[in-house]
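*Asks:* 1 is the number of the first residue of the sequence shown in the UniProt record's numbering; add one for each residue after it.
By construction, the Cβ of each residue, glycine as well, lies at the ideal position given by its N, Cα and C atoms.
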Amino acid sequence: NCLSMKSKDRQVSWYTVSEAYCPWVKLVVDIVVIVKCAGVAVSYLQVAGDMMSMLLVFWSGTDFSQSTVRALVIVAATLAMAPTCMAKNLKSTTFANVV
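(1) Closest by CA to Ile34, which one among Cys85, Thr62, Ala48 and Thr68?
(2) Identify which residue in Ala71, Trp24, Gln66 and Ala77 has its Cα closest to the Cα of Glu41.
(3) How would you label Val28, buried or exposed, when you count the other beta carbons within 10 angstroms and need 16 or more for buried?
(4) Rounded to whole angstroms, what's the CA-CA distance from Met54 to Val75? Just pull it up for me.
(5) What are the start and end residues of the alpha helix (DSSP H) that includes Lys26?
(6) Suppose you measure from the CA of Gly49 to the CA of Arg70; what does that come to, to the nearest Å?
(7) Quick check on Lys88: does DSSP put it in helix, strand or coil?
(8) By the three-class DSSP mapping on this structure, what secondary structure does Phe95 have?
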């Protein structure tokens, strides 16, 4: 039988499934999800840093090194996205979803 089908309130998440199946593993599931999301965020920042730094160096025509521009792009992207990532609920991310 599927555990999600047995759920009374039908709000199924990683947390509720782990709580119903194996209560002692809830913290492990939370940590694994946090590590996975952090890894994905870092990979997106690396790709954005590489692509945007090439464009900015090409368009600006300055003698800044590409690694310096890449670091600045990654820091700027992190600072721009931090308020959205710290939101308590999805409703407060409406503006970021439109952009």
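*Replies:* According to the structure shown:
(1) Cys85
(2) The displayed chain sequence assigns Ala, not Glu, to residue 41. Checking every option, the nearest Cα to that of Ala41 belongs to Ala77.
(3) exposed
(4) 16 Å
(5) Lys26 to Ser60
(6) 5 Å
(7) coil
(8) helix
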